[in-house]
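All the letters of the sequence shown, read from the start, carry residue numbers 0 to 220 under numbering that gives the first Met the number 0. Notes follow once the structure below has been shown.
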Amino acid sequence: MSTVAQSAVLAILEQHISPLHARAMLARAAGGDRAIDVGRLPDLVEALERGVRLFGGARLEDTIKRQILALAPSEATEVRIEIAEERDVIEARLAARQLCQTMGSRALVMQRVATAVSELARNVSLYAVPSGGPSGGRRGVVTLTPLRGGAALRIVVEDEGPGIADLKSVLDGSYVSKTGMGKGLVGVKRLVDDFDVRTSPRGTRVEATVVLDPTSAGSAR
Numbered sequence: 000m001s002t003v004a005q006s007a008v009l010a011i012l013e014q015h016i017s018p019l020h021a022r023a024m025l026a027r028a029a030g031g032d033r034a035i036d037v038g039r040l041p042d043l044v045e046a047l048e049r050g051v052r053l054f055g056g057a058r059l060e061d062t063i064k065r066q067i068l069a070l071a072p073s074e075a076t077e078v079r080i081e082i083a084e085e086r087d088v089i090e091a092r093l094a095a096r097q098l099c100q101t102m103g104s105r106a107l108v109m110q111r112v113a114t115a116v117s118e119l120a121r122n123v124s125l126y127a128v129p130s131g132g133p134s135g136g137r138r139g140v141v142t143l144t145p146l147r148g149g150a151a152l153r154i155v156v157e158d159e160g161p162g163i164a165d166l167k168s169v170l171d172g173s174y175v176s177k178t179g180m181g182k183g184l185v186g187v188k189r190l191v192d193d194f195d196v197r198t199s200p201r202g203t204r205v206e207a208t209v210v211l212d213p214t215s216a217g218s219a220r
């Protein structure tokens with residue numbers, strides 16, 4: 000099993016509390032082990048929680064928890080889901096949530112990602128794929144890519160539909176179709192940290208990025 004050096008955990012604690020208190024807390028939680036099994040990290044975090052909370056409250060506790068768990072080697076890999084019908088939208092949403100969990104995302108950020116993916120995938124199923132299923136191979140694809148260090152997640156949704164006729168009006172909120180397409184895209188734009196749409200009569204490509212760990216946002220670009 001992979002291990003994490005106790006010194007790496009100590010370095011994280013010392014970023015937020017005094018070195019003296021950090022060493023004492025870690026000694027009580029981890030004992031004399033210089034290397035900590037990756038599988039024990041959640042237990043270690045739990046053992047540290049009370050002490051950390053006394054120094055900085057729940058917000059600091061959450062920050063330290065995410066930083067310590069991020070020491071484990073990431074098992075997150077790119078996920079690709081084809082969108083041809085409504086059930087694929089559900090699969091894309093579940094895949095987004097599972098990937099966020101693997102990357103150690105907080106629940107609120109995980110919900111933002113899942114909602115954005117669901118809205119974009121639903122747009123593909125409603126507007127890009129013909130009624131009754133993908134005729135002639137026409138369909139869409141959702142690609143979820145963890146960015147460097149697990150700091151962010153890139154969402155790319157591509158389709159071969161007819162494109163968006165008045166993209167500018169859709170994105171500035173001045174146009175909403177009878178079926179609500181404009182509202183969905185504007186909602187996604189508000190949920191993510193970076194957003195870009197390119198469209199033509201041959202299809203549409205939406206790329207969005209959500210920062211999962213604000214402390215590492217600079218490395219996610």
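By construction, the Cβ of each residue, glycine as well, lies at the ideal position given by its N, Cα and C atoms.
Need the endpoints of the alpha helix (DSSP H) that D87 sits in, please. 85-101
Using only CA atoms, which one of R96, R92, Q5, P41 lies nearest to A75? R96
Could you tell me the alpha carbon to alpha carbon distance between A219 and A151, rounded to whole angstroms? With a pLDDT of 49 at A219, under the threshold of 50, the predicted position of this residue should be treated as unreliable, though the coordinate-derived value follows. Taking the straight line from one Cα to the other gives about 6 angstroms.
Three-state secondary structure (DSSP) at S117? helix
Between A164, L93, V205, which has its C-alpha nearest L184's C-alpha? V205
Chain-order list of residues whose beta-carbon lies under 7 angstroms from that of V44 (same chain, five-residue window excluded): K64, I67, L68
Put D158 into one of helix, strand or coil per three-state DSSP. strand
Counted within 10 angstroms of its Cβ, other Cβ atoms place A91 as buried (16 or more) or exposed: buried
Figure out for me which residue from R79, R22, A4 has the closest Cα to the Cα of R33. A4
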